[in-house]
Amino acid sequence: MSYVHHTILLLDDNLDDSRFTRLALQRVGVITPIQAVGRLEEAQQYLCAEGCYADGEQYPPPVLVMLDMMHCSSGLEFLSWLRSQPALRRLPAVVLSSCNDIAEINRAYEHGCNSYLVKPPSFNTLLVMMQTLTQYWLGMNQTPERSTGFRS
Amino acid sequence: MLEANQSDSCAAVAELYRLFFSQMQEPALILRLTPGEKEPRVVPLDMNDAAKHLTGRVTAALDETARGSLLPQSLEVPILEHAGAVLETGRPAAFLLQSASLWHQVRIQALGDGVIGVLLSDATAQKRTEETLATLRTLSAALHATADLELIMDKVAWETLKLLSAENSLIALCSPDGFSSYRFLRLGTVAPADAAWQPGQELPGRVVFSPVPYLSSDALHDPHIDPGLAARHRVRNVISTPLWAGDGSMIGYLELQNRLDGGVFSEFDLEQLSSVAQMAAQAVKNAQDFQKIAQNASQLEERVAERTAQLQEVNEELDAFAFSVSHGLRAPLRAIVSFAGILQDQGEGGGDPERDAFLARIIAVGQDMDQLIQDLLAYSRLSSDEIALQTVQLAAVLQEAVLQLRHAGQTGDIVLEGAQSWPSVRGNFTVLVQVVWNLLSNALKYVASGCYPKVRVWTEPAQDVVRLWVQDNGIGIAPENQERIFQVFERLHGVESYPGTGIGLAIARKAVQRLGGRIGVISCPGEGSRFWIDLPATPDR
């Protein structure tokens with residue numbers, strides 16, 4: 029299945045994990061452009077089309093953000109920031125975290141994530157997860173209209 | 008009164024009586040009760056020198072003495088009150104009479120024919136003693152009712168001020184730094200306490216160090232009183248006494264200044280002050296001791312609180328450490344397992360079978376280790392997290408645990424005997440499912456090879472607890488190992504024969520302990536095991 033015109037923004041400070049996620053997406057046949065960033069500030073720049081991400085052709089606005097919790101605080105900070113931006117508050121955000129602590133899951137939802145997934149311990153399980161994820165979020169899920177002010 | 012034809016001897020006796028009457032130290036009067044013009048009066052027939060002196064003094068002290076009366080009204084009115092009754096019944100009367108600062112005991116005796124004899128005796132000392140006793144009683148009650156030093160000082164200062172009609176009352180208390188807690192009541196107003204000061208050669212140092220009570224009737228010219236200080240505070244006369252506690256320790260100093268009536272303190276006043284001081288000293292000493300004890304107690308409490316905070320901090324650090332270690336361990340482990348998985352994928356079809364087997368081992372071992380880290384995390388969370396207590400249906404807990412075991416693919420019979428009538432317990436649903444899951448999982452797992460696992464679960468209500476039994480047909484546990492199995496990482500069997508991390512029962516025990524329950528096992532090798540957990544029963548059972 030391909031979702032060529034959809035871009036996914038992947039925010040993960042763990043380079044291995046980031047690579048697995050991209051590899052898994054690739055393996056399950058998703059040819060959707062994946063834009064991977066490793067730091068909170070990069071993600072914010074990308075979404076606001078600032079700095080080196082100013083080129084809208086090369087860095088199109090995403091339809092989905094996947095983020096690691098990045099030791100909890102950075103992930104929550106990003107979610108809060110995302111939901112406080114008028115142009116970004118409808119953007120679906122899926123947490124992909126290594127932590128399955130219920131308190132952290134609760135906090136992530138309270139800060140506005142739309143889904144919370146725990147990184148599986150093996151690559152094979154990750155493959156299955158990525159297949160399901162893209163089918164659901166890019167296929168079945170009805171994406172909201174872009175908020176006004178969202179860059180085109 | 009005397010007949011004209013009396014004998015000489017009679018006249019001589021009468022003369023002796025008259026002489027005796029005139030020489031009496033106590034005032035004596037002979038009065039006649041007359042109807043008077045408007046109201047009854049008493050008219051003096053005779054009075055001795057002491058009585059003349061007294062009525063003179065009374066007259067001088069009271070300006071409102073009625074004109075035309077030979078007796079001051081303050082004396083006539085109370086005598087008139089009693090005279091009628093005394094003459095009528097012939098029974099003597101007695102009462103106390105105050106004139107100025109003096110008290111008199113007045114006794115009236117009928118002498119017949121409308122004539123009464125009146126004897127007065129000085130009752131001031133008696134009256135004052137009664138007052139002192141009353142003050143001491145009031146103080147005693149007040150001082151016993153409180154251990155508050157400030158309150159005690161206030162009471163002592165105020166009651167002595169009242170008792171001895173003084174202008175100012177002053178208490179100083181000894182402390183290691185000198186004297187402090189200085190009270191100064193000028194006509195009932197409290198002055199704030201001074202800073203600590205050192206007693207010198209003058210008052211109160213003289214009293215404190217000598218240490219005897221001291222009376223100064225002329226403060227301005229007293230060599231023991233600082234004239235500047237006396238002038239500044241307008242001190243005319245002073246009585247002061249040291250405060251000695253019952254154990255002989257010096258507590259402080261008590262002083263009264265200036266009689267309110269403008270008079271001068273007497274030795275008698277000083278005696279009274281000393282009696283009050285004795286009681287005040289003991290009360291102050293008690294309050295100080297109490298304060299010391301309270302202070303020690305609060306210091307102890309502070310120390311305990313401090314230690315508790317330290318321990319809590321260490322605990323939190325340990326928790327944070329356990330969390331970050333297990334978190335930090337899981338990330339690289341996931342990388343290892345995932346990379347191995349990717350290599351496995353790439354080598355599929357035409358790869359080296361030994362290489363594939365090794366990759367499979369890397370993945371399997373890595374996943375075991377991940378499970379282990381997760382179990383350790385769960386164990387550490389059980390010690391640190393708050394567990395909310397609720398009423399939990401045991402049957403629902405068992406059903407949930409069984410469901411989860413089936414999802415995990417564990418096989419075997421699990422019979423919940425009489426589950427529909429099982430009682431509820433006080434606990435936490437999630438935590439209890441964790442406990443029961445571990446017990447059931449073990450019961451299904453540790454069976455002899457070829458034996459189909461059969462597990463029986465039932466409850467047994469006791470006094471304040473509900474006991475849950477889990478019986479299996481497994482391999483059993485030797486008595487010497489029955490304590491070990493509840494420890495972290497204790498495994499009786501190799502992973503080859505029975506997989507697992509060795510933390511399950513440790514989790515179960517920790518969880519049950521956190522819920523205020525107990526866990527145990529009855530078993531013999533080869534005869535299966537019966538695990539039990541005691542959980543607090545719900546109060547309304």
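Residue numbers (my numbering), protein chains in the order written: chain A, 29 to 180; chain B, 8 to 548. Idealized CB from N, CA, C, for every residue including glycine. Remember, it's a predicted structure, so these values are computed and weren't measured experimentally.
Would you mind working out which of the options sits nearest residue i, comparing C-alpha positions?
i, options, result
"Gln63 of chain A", "A:Arg50, A:Arg111, A:Asn169", "A:Arg50"
"Gln73 of chain A", "A:Cys141, A:Pro88, A:Asn169, A:Leu166", "A:Pro88"
"Asp377 of chain B", "B:Gln105, B:Ile482, B:Leu336", "B:Leu336"
"Lys162 of chain B", "B:Glu95, B:Ala287, B:Leu78", "B:Ala287"
"Ala77 of chain A", "A:Leu166, A:Gly103, A:Leu37, A:Leu155", "A:Leu37"
"Asn445 of chain B", "B:Val113, B:Ile526, B:Ala316, B:Leu261", "B:Ile526"
"Thr139 of chain B", "B:Ala284, B:Ser530, B:Ser504", "B:Ala284"
"Leu447 of chain B", "B:Ala515, B:Ala327, B:Leu383, B:Gly235", "B:Ala515"
"Leu210 of chain B", "B:Phe191, B:Glu320, B:Thr248", "B:Thr248"
"Glu33 of chain B", "B:Gly43, B:Glu44, B:Val20, B:Leu61", "B:Leu61"
"Gln289 of chain B", "B:Ser333, B:Leu156, B:Phe191, B:Arg25", "B:Leu156"
"Gln86 of chain A", "A:Cys141, A:His33, A:Arg174", "A:His33"
"Leu161 of chain A", "A:Leu92, A:Val65, A:Gly66, A:Trp109", "A:Leu92"
"Ala237 of chain B", "B:Glu83, B:Ala252, B:Leu263, B:Ala513", "B:Leu263"
"Gly121 of chain B", "B:Ile492, B:Ala90, B:Ala148", "B:Ala90"
"Ile181 of chain B", "B:Val197, B:Ser128, B:Val214, B:Ile258", "Before going further, note that residue 181 of chain B is Cys rather than Ile in the sequence given. When only C-alpha atoms are compared, the closest one is B:Ile258."
"Ala52 of chain A", "B:Gly354, B:Gly425, B:Ile349", "B:Ile349"
"Ala469 of chain B", "B:Gly483, B:Pro430, B:Arg498", "B:Pro430"
Could you tell me whether any Cβ in chain A is nearer than 7 Å to the Cβ of residue i?
i, result
"Ser187 of chain B", "no"
"Asp377 of chain B", "yes"
"Ile484 of chain B", "no"
"Gly348 of chain B", "yes"
"Gln374 of chain B", "yes"
"Arg337 of chain B", "yes"
"Val344 of chain B", "yes"
"Arg341 of chain B", "yes"
Using DSSP's beta-bridge definition, name the partner residues of residue i.
i, result
"Glu432 of chain B", "Residue 432 of chain B is actually Val in this sequence, not Glu. Answer is B:Val399, B:Ala544."
"Trp186 of chain B", "Strictly speaking, residue 186 of chain B in this sequence is Phe, with Trp absent from that position. According to DSSP, Phe186 of chain B bridges with B:Cys181, B:Trp204."
"Leu475 of chain B", "B:Thr466, B:Ile540"
"Asp53 of chain B", "B:Ile37"
"Val422 of chain B", "B:Arg463"
"Tyr144 of chain A", "A:Val123"
With 16 other CB atoms within 10 Å as the buried threshold, where does residue i fall?
i, result
"Ala554 of chain B", "Nothing in the structure corresponds to residue 554 of chain B, since chain B is present only between 8 and 548."
"Leu410 of chain B", "exposed"
"Met168 of chain A", "exposed"
"His111 of chain B", "buried"
"Leu9 of chain B", "Note on Leu9 of chain B: pLDDT 47, under 50, position unreliable in the model; the coordinate value appears next. It counts as exposed."
"Phe106 of chain A", "buried"
"Ser150 of chain A", "buried"
"Ser112 of chain A", "exposed"
"Glu95 of chain B", "exposed"
"Cys127 of chain A", "buried"
"Lys299 of chain B", "exposed"
"Gln306 of chain B", "exposed"
"Leu26 of chain B", "exposed"
"Met31 of chain B", "exposed"
"Tyr260 of chain B", "buried"
"Gly533 of chain B", "exposed"
Counting only beta-carbon separations shorter than 7 Å, does residue i have a partner in chain B?
i, result
"Asp41 of chain A", "no"
"Asn134 of chain A", "no"
"Ser125 of chain A", "no"
"Ser143 of chain A", "no"
"Pro172 of chain A", "no"
"Asp96 of chain A", "no"
"Ala101 of chain A", "Before going on, a small fix: residue 101 of chain A reads as Ser here, not Ala. No - not a single Cβ of chain B is within 7 Å of the one on Ser101 of chain A."
"Ser112 of chain A", "no"
"Ser46 of chain A", "no"
"Leu161 of chain A", "no"
"Ser108 of chain A", "no"
"Pro61 of chain A", "no"
"Pro90 of chain A", "no"
"Pro149 of chain A", "yes"
"Asn152 of chain A", "yes"
Item to check | Segments assigned beta strand (DSSP E), at least 3 residues, entirely inside the segment 53 to 98 of chain A | outcome: 62 to 65, 92 to 95
Item to check | Complete beta strand (DSSP E) runs within the segment 74 to 153 of chain B (minimum length 3 residues, chain order) | outcome: 100 to 106, 109 to 119, 122 to 129
Checklist entry - What are the uninterrupted segments assigned as alpha helix (DSSP H) that are 4 or more residues long and contained completely in the segment 212 to 271 of chain B, given in chain order? => result 212 to 216, 234 to 239
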